[in-house]
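Heads up, the thing below is written out as structure tokens.
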DNA sequence: GCCCGAGTGGTACCCCGGTACCACTCACCA
DNA sequence: TGGTGAGTGGTACCGGGGTACCACTCGGGC
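Residue numbers (this note's numbering), protein chains in the order written: chain A, 1 to 222; chain B, 223 to 444.
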């Protein structure tokens, strides 16, 4: 039995969800909330398996509520629902820690399948959104096919040299690297030199780029 | 009516798919292939709406076949199926241009829903894989919430300075930037200096890191 | 016993990168 | 009309980065 908290500012919408979810034996609606603040409180009290969360609500919206529920360490998984397939919503929801994102025009069986998947720890994305998400994924995620030229160059580095490369990727100077690794700057220089040679890089700048390309360094913006 | 090409080296498996797909009015199996080479040829001939592609096959595997079908500009969408939820497969398949990735133990209605979604141009990912894909997505995709500190620093750059920053992110030296932009090296130096000052970066190395963090530069490995 | 690779350390040298400071043009706007 | 910011250009200086070359230790394998 999967317990569900329904969050939506429209009473009629909540009623519809309750009707649907209580009509099947595997799910049970244990509570309803009309806005974000209430949702956060009820999630803490009721500890439902799944929170069915609307995005657009007066007061605290669904994204923020999702963030707080996840941050509070509740066991509940959040499945976000919206009528609009706006990219920002999807991104924001996923970043907020949502386990899924579906459109409200999903067919009942899709919704139930989504709740089922989320309840067991899987994640779901509406097919219409998956396409765009994958496109973006392909844009961002570096292609490191094992055995590629870049991979082989990386493999040719020794353990120590890889550490040095990571340090270079953090933007540290030779002096800083020497200090953190408790080495002489000369040693760091020889290491750096060998790293550059093995990678076929001209500067440490190109080494940094290489590190990002192969995924050794990762964006970590602030 | 959605036309489907079934690709699998196991005759029994193909038979199962054909039974399922031909049992509903909306889909029709128009061909079967036992390996990648045959799949590529038949996709070109039959031009099916959807190719149901197994990954593990003797000879050319499903990933390579997917790549070729997509590269050939066929209208067919490829839905990749596998019994293993190995990460490399998922990545490789998506990079190859697959529109979806499902596990063979999917329930029949899930498979049909997947085919339906793929046929209309959407994409599908098995819920069990979506979770990991999203985790990775969150790791890779830089969170540039508009108005963040990084964003504001980036906004403070002039048009020209942003161009310079991109060039730095490519690993070009001041001399190379000067040559490509048809400028004197002095000018480039002043620009670079201003960029570093505005970003609060010490070197061009840190500028490169900044560029990757905000997504101005992107991994593009080889 | 030997050699080899990895790790460490040093010296010497040169050049690119970064800084400080200044000057000119041009478009735009009050 | 004058001011301002962006873009361009220059000179001079210095320090860190990169290179070349060498030397030592240490562990493992032949």
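For each residue, glycine too, the CB sits at the ideal point set by N, CA and C.
Boundaries of the beta strand (DSSP E) in which residue i is found, first to last residue
i	result
residue 33 (chain A)	27-33
residue 322 (chain B)	322-325
residue 1 (chain A)	Segment: none, residue 1 (chain A) is in no beta strand (DSSP E) and carries neither H nor E.
residue 53 (chain A)	50-54
Residue from the options with nearest C-alpha to residue i
i	options	result
residue 229 (chain B)	B:274, B:240, B:223, B:237	B:274
residue 17 (chain A)	A:197, A:194, A:81, A:42	A:81
residue 61 (chain A)	A:50, A:73, A:33, A:74	A:33
residue 266 (chain B)	B:285, B:272, B:291, B:242	B:291
residue 395 (chain B)	A:201, A:182, A:197	A:201
residue 374 (chain B)	B:420, B:278, B:405, B:411	B:420
residue 305 (chain B)	B:260, B:263, B:270, B:351	B:351
residue 437 (chain B)	A:2, A:95, A:219	A:219
residue 37 (chain A)	A:21, A:155, A:64	A:64
residue 105 (chain A)	A:190, A:54, A:212, A:134	A:54
residue 107 (chain A)	A:127, A:95, A:157, A:154	A:127
Contact with chain B by residue i, beta-carbon distance below 8 Å
i	result
residue 213 (chain A)	yes
residue 121 (chain A)	yes
residue 222 (chain A)	Confidence at residue 222 (chain A) is low in this model, with a pLDDT of 45, below 50, so the placement of that residue should be treated as unreliable; the coordinate-derived value is given next. Yes, because at least one Cβ of chain B sits closer than 8 Å to the Cβ of residue 222 (chain A).
residue 25 (chain A)	no
residue 56 (chain A)	no
residue 209 (chain A)	yes
residue 127 (chain A)	yes
residue 124 (chain A)	yes
residue 219 (chain A)	yes
residue 199 (chain A)	no
residue 134 (chain A)	yes
Test: residue i CB closer than 8 Å to a CB of chain A
i	result
residue 261 (chain B)	no
residue 352 (chain B)	yes
residue 328 (chain B)	no
residue 284 (chain B)	no
residue 339 (chain B)	yes
residue 269 (chain B)	no
residue 272 (chain B)	no
residue 428 (chain B)	yes
residue 393 (chain B)	yes
residue 387 (chain B)	no
residue 324 (chain B)	no
residue 376 (chain B)	no
residue 333 (chain B)	no
residue 292 (chain B)	no
residue 316 (chain B)	yes
residue 303 (chain B)	no
residue 405 (chain B)	no
Alpha helix (DSSP H) segment containing residue i, residue limits
i	result
residue 236 (chain B)	233-244
residue 116 (chain A)	108-119
residue 165 (chain A)	159-169
residue 42 (chain A)	36-46
residue 213 (chain A)	204-213
residue 195 (chain A)	185-199
residue 292 (chain B)	284-293
residue 77 (chain A)	From DSSP, residue 77 (chain A) is part of no alpha helix (DSSP H) but of the beta strand (DSSP E) over 77-82.
residue 218 (chain A)	Run containing residue 218 (chain A): none; DSSP gives neither H nor E here.
residue 400 (chain B)	396-403
Residue burial classification, residue i (beta-carbon count within 10 angstroms, cutoff 16)
i	result
residue 408 (chain B)	exposed
residue 232 (chain B)	exposed
residue 280 (chain B)	exposed
residue 432 (chain B)	buried
residue 345 (chain B)	buried
residue 444 (chain B)	Residue confidence is low: residue 444 (chain B) scores 46 on pLDDT, short of 50, so the model does not pin down where it sits. Its coordinate-derived value is still stated next. Exposed, since its Cβ has fewer than 16 Cβ neighbours within 10 Å.
residue 241 (chain B)	exposed
residue 49 (chain A)	buried
residue 167 (chain A)	buried
residue 1 (chain A)	exposed
residue 213 (chain A)	buried
residue 66 (chain A)	buried
residue 41 (chain A)	exposed
residue 169 (chain A)	buried
residue 234 (chain B)	exposed
residue 261 (chain B)	buried
Contact test: residue i Cβ vs the ligand COA heavy atom, cutoff 7 Å
i	result
residue 3 (chain A)	Absence of the ligand COA from the depicted structure is noted, as is the absence of any ligand whatsoever, leaving it without description.
Exercise. Could you tell me whether the region 319-326 of chain B touches the region 91-111 of chain A, using the rule of 3 or more Cβ pairs below 8 Å?
Key: no
Quiz item: Pairing CB atoms from the region 204-220 of chain A with CB atoms from the region 246-261 of chain B, are three or more of them under 8 Å?
Solution: no
Self-check item: Touch test, the region 110-119 of chain A against the region 157-175 of chain A, Cβ-Cβ under 8 Å, three pairs minimum
Solution: no
Self-check item: Touch test, the region 287-301 of chain B against the region 72-79 of chain A, Cβ-Cβ under 8 Å, three pairs minimum
Solution: Taking a cut-off of 8 Å for Cβ pairs, the region 287-301 of chain B and the region 72-79 of chain A do not touch, as fewer than three such pairs fall below it.
Quiz item: Touching or not, the region 377-386 of chain B and the region 410-417 of chain B, by the rule of three or more beta carbon pairs under 8 Å?
Solution: yes
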